[in-house]
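J.:
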Amino acid sequence: MKSVVKNTENLQKSMPHEHLELEATLQENLQVMINGDFQTRWEVGKILAKQGKAAIAPLREILADNDADLELRWFAGRILSEFKEPEIIISLVKLLEETEEIELCKLAISALANIGSPAIEALKNLLTQEDTKLLAIQALGQITNPQTIEPLLTMVDDPVPLVRATAIEALGNFHEDSITPVLVKALTDKAAAVRKEAVAALGRKKNFNVVTEVAQLLDDLNYQVCQTAAIALGRIGTDEAAAALFHVLKSPATPASLKLDIV
Numbered sequence: 183m184k185s186v187v188k189n190t191e192n193l194q195k196s197m198p199h200e201h202l203e204l205e206a207t208l209q210e211n212l213q214v215m216i217n218g219d220f221q222t223r224w225e226v227g228k229i230l231a232k233q234g235k236a237a238i239a240p241l242r243e244i245l246a247d248n249d250a251d252l253e254l255r256w257f258a259g260r261i262l263s264e265f266k267e268p269e270i271i272i273s274l275v276k277l278l279e280e281t282e283e284i285e286l287c288k289l290a291i292s293a294l295a296n297i298g299s300p301a302i303e304a305l306k307n308l309l310t311q312e313d314t315k316l317l318a319i320q321a322l323g324q325i326t327n328p329q330t331i332e333p334l335l336t337m338v339d340d341p342v343p344l345v346r347a348t349a350i351e352a353l354g355n356f357h358e359d360s361i362t363p364v365l366v367k368a369l370t371d372k373a374a375a376v377r378k379e380a381v382a383a384l385g386r387k388k389n390f391n392v393v394t395e396v397a398q399l400l401d402d403l404n405y406q407v408c409q410t411a412a413i414a415l416g417r418i419g420t421d422e423a424a425a426a427l428f429h430v431l432k433s434p435a436t437p438a439s440l441k442l443d444i445v
């Protein structure tokens, strides 16, 4: 952390007199965050976020410092997510690529989602890398922008079931008609996790034209898929959907637990 302070001091020397006071305040707040406890860091983080672009460079340095404590790096990333500068996106993407800390991965995903549209292109590049494509999909799934649909569609046929399921879940947040055929196709995926996400998404969309396809999953070999299909049909709420549920409810082959879910 000494390098953060030293770099800030060097910057001070090259600044006009009118900016020295602001720089001194910035340096003081950085020291408080570096040395403070959780609550102190929380409070000073609000102040640093309001100090503008001058705070970006030292915060990026903290975020990238593998020797800094995890909590401090987390706060640095959280503050940086308040800005939308390209260099911040680069830092967050690099963090996703390099860190093995789960909390920092979650932070980077959330921060990139908070940045929104400017982060989409960088996340698209991560989709081409095996180690980062799942994290990139998770981040894209939190950005409610139609620009994410195209890159997400490239992942629905990925060989990794979890990647496919995560992409289908993310696509289910959109109501564009072009997505429906993709979701219907995913109902026949070999992986139960993918089928489950697809049928859940169709239930959220309340598409009246997919009742037949959704109803077929009431007989799925995976109980969670059956359960999700029943919930989806209940949300669709048409007479056809109700009839499909009633048929399964009256069937002696239907497990008692699924009947309870339907009721």
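Letter by letter, the sequence shown follows residues 183 to 445 of the working numbering. Backbone N, C-alpha and C fix where the C-beta goes; we use that ideal spot for every residue, glycine too. Nothing here was measured: the structure is a model prediction, and the numbers come from that model.
Could you tell me how far apart the beta carbons of A411 and V381 are, in whole angstroms, since I believe they sit closer than 8 Å?
T.: Confirmed, Cβ separation roughly 5 Å.
J.: Since V366 and A349 should fall inside the 8 Å C-beta cutoff, what is the C-beta to C-beta distance between them, to a whole number of angstroms?
T.: The Cβ separation is near 15 Å, so there is no contact.
J.: Leaving out the 5 sequence neighbours to the left and right, which residues in its chain are closer than 6 Å to L305 when beta-carbon positions are compared?
T.: Taken in chain order, the residues that qualify are A318, A321, L322.
J.: If the criterion is Cβ atoms closer than 7 Å, does the pair E279 and T314 meet it?
T.: Contact: yes.
J.: Taking the straight line between their C-alpha atoms, what separation do you get for E264 and S273?
T.: Approximately 14 Å, taken between the alpha carbons.
J.: Nearest-angstrom Cα distance between Q194 and D251?
T.: Unreliable placement is indicated for Q194, whose pLDDT of 49 sits below 50; no coordinate value is reported for it.
J.: Evaluate E379 with the Cβ neighbour count: other Cβ atoms within 10 Å of its Cβ, from every protein chain shown; 16 or more gives buried, anything less gives exposed.
T.: Looking at its Cβ environment, which holds 16 or more other Cβ atoms inside 10 Å, E379 is buried.
J.: Out of T326, E225, P328, R242, state which residue places its alpha-carbon closest to the alpha-carbon of A290.
T.: The shortest Cα separation from A290 among T326, E225, P328, R242 belongs to R242.
J.: With C-beta atoms as the reference, is A368 less than 7 Å away from V376?
T.: Yes.
J.: So the candidates are N355, D249, I229; which of them puts its Cα closest to the Cα of L262?
T.: Comparing Cα-Cα distances from L262 to each of N355, D249, I229, the minimum goes to I229.
J.: Would V175 pass as a contact of L415 if the rule is Cβ separation under 7 Å?
T.: For residue 175 there is no data in the structure shown, the boundaries of the chain being 183 and 445.
J.: Count the other CB atoms, across all protein chains shown, that sit within 10 Å of the CB of G259; report buried if there are 16 or more and exposed otherwise.
T.: Buried.
J.: State the Cα-Cα distance for the pair L399 and Q233, rounded to the nearest angstrom.
T.: Roughly 54 Å separates the two Cα atoms.
J.: What did DSSP end up calling Q194 once you bin it into helix, strand or coil?
T.: In this predicted model, Q194 has a pLDDT of only 49, less than 50, meaning its place in the structure is not dependable; the value taken from the coordinates is given anyway. Three-state result, Q194: helix.
J.: Considering only residues of the same chain and omitting the five flanking positions on each side of T330, which have a CB-CB separation below 7 Å?
T.: I302, L322, listed in sequence order.
J.: How is the alpha helix (DSSP H) around L400 delimited, first residue to last?
T.: No alpha helix (DSSP H) holds L400; DSSP gives it neither H nor E.
J.: Going by DSSP in three states, N171 sits in which element: helix, strand or coil?
T.: Because the chain is modelled from 183 through 445, residue 171 falls outside the range shown and cannot be assessed.
J.: Looking at the structure shown, is T310 part of a helix, part of a strand, or coil, going by DSSP?
T.: Here T310 sits in coil by DSSP.
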